[in-house]
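Written out below as structure tokens is the structure these notes cover.
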Amino acid sequence: MVNEIMSETLKPEPAALAKRTQLDAIGERLSAILAQGEQGAVDAVDQILQTAADLRASDIHFEPWEEAVSLRYRLDGLLHDVARLPKAHQERLVARIKVLARMAVYHKHAPQDGRIDPDRSRCGCAFRVAAFPTIYGEKVSLRLLGEQDRPLSLNELGLSQPVTDTLRRLAGRASGVLLLTGPSSSGKTTTIYALLRALMADRETPPHVVTIEDPVEYRLGNVAQTQIGPPTELTFATALRSLLRQDPEVIVVGEIRDAETAHMAIQAGLTGHLVISTIHCGTAAGVFTRLLDMGVEQFLVASSVAGVLAQRLVRRVCEACAAPYTPGPHLLSAFSLSAEGGYRRGQGCLACQGIGYKGRTALGELLLVDDALSEAVLARKRTRALHGVAMDSGMRPLLLDGLDKARGGVTTVEEILRVLPPEVKQPEREERDDGRHE
Numbered sequence: 001m002v003n004e005i006m007s008e009t010l011k012p013e014p015a016a017l018a019k020r021t022q023l024d025a026i027g028e029r030l031s032a033i034l035a036q037g038e039q040g041a042v043d044a045v046d047q048i049l050q051t052a053a054d055l056r057a058s059d060i061h062f063e064p065w066e067e068a069v070s071l072r073y074r075l076d077g078l079l080h081d082v083a084r085l086p087k088a089h090q091e092r093l094v095a096r097i098k099v100l101a102r103m104a105v106y107h108k109h110a111p112q113d114g115r116i117d118p119d120r121s122r123c124g125c126a127f128r129v130a131a132f133p134t135i136y137g138e139k140v141s142l143r144l145l146g147e148q149d150r151p152l153s154l155n156e157l158g159l160s161q162p163v164t165d166t167l168r169r170l171a172g173r174a175s176g177v178l179l180l181t182g183p184s185s186s187g188k189t190t191t192i193y194a195l196l197r198a199l200m201a202d203r204e205t206p207p208h209v210v211t212i213e214d215p216v217e218y219r220l221g222n223v224a225q226t227q228i229g230p231p232t233e234l235t236f237a238t239a240l241r242s243l244l245r246q247d248p249e250v251i252v253v254g255e256i257r258d259a260e261t262a263h264m265a266i267q268a269g270l271t272g273h274l275v276i277s278t279i280h281c282g283t284a285a286g287v288f289t290r291l292l293d294m295g296v297e298q299f300l301v302a303s304s305v306a307g308v309l310a311q312r313l314v315r316r317v318c319e320a321c322a323a324p325y326t327p328g329p330h331l332l333s334a335f336s337l338s339a340e341g342g343y344r345r346g347q348g349c350l351a352c353q354g355i356g357y358k359g360r361t362a363l364g365e366l367l368l369v370d371d372a373l374s375e376a377v378l379a380r381k382r383t384r385a386l387h388g389v390a391m392d393s394g395m396r397p398l399l400l401d402g403l404d405k406a407r408g409g410v411t412t413v414e415e416i417l418r419v420l421p422p423e424v425k426q427p428e429r430e431e432r433d434d435g436r437h438e
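Heads up, the sequence shown is in this note's numbering, so the first residue is 1 and it goes up one at a time.
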């Protein structure tokens, strides 16, 4: 049954077969620009950055191969091949990007990181740049930081109203730890900024908020923001240790990556601070197992963590070309869905570049720590058992949240299963016979 479901999910959608006019034209336009001579590489990079900003791409990838350079954009979470550029222009294109990012042009055999500020990109956007050596030359990736945009509010994230209301309440706490989890590029940082906006708006006087980020993506008023890494040589742990002497009320730690940061964040939550952070894990319940595996004692975890939000991003159906449709029978039967409902699918148009989706929305699985869950954590219950306790207390899992959005026409069942394949219905961590966690 699972194979049938995934086979049906991966069938090409009508929207994917439509002509993507603007994307298709990029390659021809860049080839004409590059043919103009030495100035061509400068103008081509400007065009690539401007087009990415116009399409609201999140990433640009220059990937060198034996005979050409592949240019790809990430749109709404998926990579799209947009051009194959002549190999002869590879070094000039990379050199131009490095100049804009203030990186060493001559340094080609080791990784480098840089940043293109809005006033240097000519499109008003900031970019984080990473160069990495390969056997065919340097691979360059650019992340659009979106500093020209404002942070979203909690109500704009797309989370269900009960989840949104509860997150707002958690952000109003005086102490404790609120954790967000999910894979890279699942919207965790955007949600944290939304929480800070809500926190600053809901309190009578602005609290003392300090963030430790990697990198700082938005500049926030009345918030002291710190960026770790070169040239400061700060880490999350060293910055957090010093920050606790600054009398903060709210602390944002960009990510809990190691045992030292985990211990310090938990202790801060117990000693009168509200700590908001992220940690990589597949499910909300799995976060407790992850913290225990890092060596944090179970009584500290049980008494400090107030809630965990597991999050994913799914593509929204393009409003300009949306049309009713009915998911295939395997999908309907596998998840006990009725054919009746507001299912919609984009047909592909100029507004969405023929893809059928435009923009993304968030799915959320919010776990609140109550007495029953605290007891389960103290007993070192396995992830599956913790998930069950949370479900009994009213947690709505990611998959059900996604299917609700599919029935409402916000996205499609196929998109939900692309982001949440069938195995996501069960927590990914099991407990071994000896009681330790796999």
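For each residue, glycine too, the CB sits at the ideal point set by N, CA and C.
As assigned by DSSP and simplified to three states, the class of residue i
i	result
VAL419	helix
ILE279	strand
THR235	coil
GLN161	helix
ILE266	helix
ILE212	strand
GLY40	helix
LYS108	coil
ARG120	helix
GLN353	coil
GLY114	strand
ASP24	helix
HIS387	helix
LYS188	helix
TYR193	helix
GLU340	coil
ALA130	strand
ILE251	strand
ALA32	helix
LYS87	helix
GLU365	strand
VAL301	helix
LEU79	strand
LEU152	coil
Cβ separation of residue i and residue j, assumed to be a contact under 8 Å, to the nearest whole Å
i	j	result
PRO133	ALA101	So it is not a contact: roughly 16 Å between Cβ atoms.
GLU91	TYR136	That belief does not hold up - the Cβ atoms of GLU91 and TYR136 are roughly 12 Å apart, past 8 Å.
LEU85	LEU71	6 Å
THR189	GLU217	6 Å
ILE116	ALA126	7 Å
GLY394	ILE416	Their Cβ separation, rounded to whole angstroms, is 21 Å, which puts GLY394 and ILE416 out of contact at 8 Å.
ARG257	PHE236	6 Å
ARG241	ALA198	Actually they do not touch by this definition, with Cβ atoms about 28 Å apart.
Closest residue to residue i among the options (Cα-Cα distance)
i	options	result
LEU196	GLY182, SER184, PRO215 and LEU170	LEU170
VAL275	SER303, GLN246, GLN90 and GLY176	GLY176
TYR325	LEU179, LYS381, SER242 and ARG345	ARG345
VAL419	ALA88, VAL129 and LEU78	LEU78
MET462	GLN50, THR283 and SER304	Outside the displayed span of the chain (1 to 438) sits residue 462, for which this structure offers no information.
GLU213	MET200, PRO327, THR238 and LEU386	THR238
THR411	ASP370, ILE355 and PRO397	ILE355
ALA174	THR164, LEU142 and VAL209	VAL209
HIS61	GLN353, ALA83 and ALA41	ALA83
ASP43	ALA95, ASP76, HIS80 and LEU75	ALA95
GLY269	TYR343, ILE251, GLU260 and ASP46	ILE251
VAL305	ALA262, VAL45 and ALA25	ALA262
SER160	SER333, VAL296 and LEU399	LEU399
ALA41	ILE48, GLN47, LEU93 and HIS273	LEU93
ALA194	ASP165, LEU142, LYS381 and LEU386	ASP165
Any non-hydrogen atom of the ligand NAP within 7 Å of residue i CB
i	result
ALA126	No copy of the ligand NAP appears in this structure; indeed no ligand is present at all.
Start and end residues, beta strand (DSSP E) containing residue i
i	result
VAL317	305–317
ARG290	Premise fails: ARG290 lies in the alpha helix (DSSP H), 286–293, not in any beta strand (DSSP E).
LYS439	This structure leaves residue 439 out entirely; the chain is present only between 1 and 438.
GLU138	137–144
VAL69	68–75
PRO324	322–324
ALA174	Taken as a continuous stretch (DSSP letters only), ALA174 belongs to no beta strand (DSSP E), as it is neither H nor E.
VAL410	From DSSP, VAL410 is part of no beta strand (DSSP E); its letter is neither H nor E.
VAL223	223–227
Continuous alpha helix (DSSP H) stretch holding residue i: start and end
i	result
ILE60	No alpha helix (DSSP H) holds ILE60; the beta strand (DSSP E) holding it covers 59–64.
PHE335	No alpha helix (DSSP H) holds PHE335; DSSP gives it neither H nor E.
ILE97	90–100
ASP371	371–378
Discussion item. Check whether the segment 363–370 and the segment 311–328 are in contact - that is, three or more C-beta pairs closer than 8 Å.
Written reply: yes
Worksheet entry | Contact the segment 277–297 vs the segment 177–194: 3+ CB pairs below 8 Å | yes
Practice prompt. Could you say if the segment 314–323 and the segment 368–382 meet the contact criterion of at least three C-beta pairs nearer than 8 Å?
Written response: no
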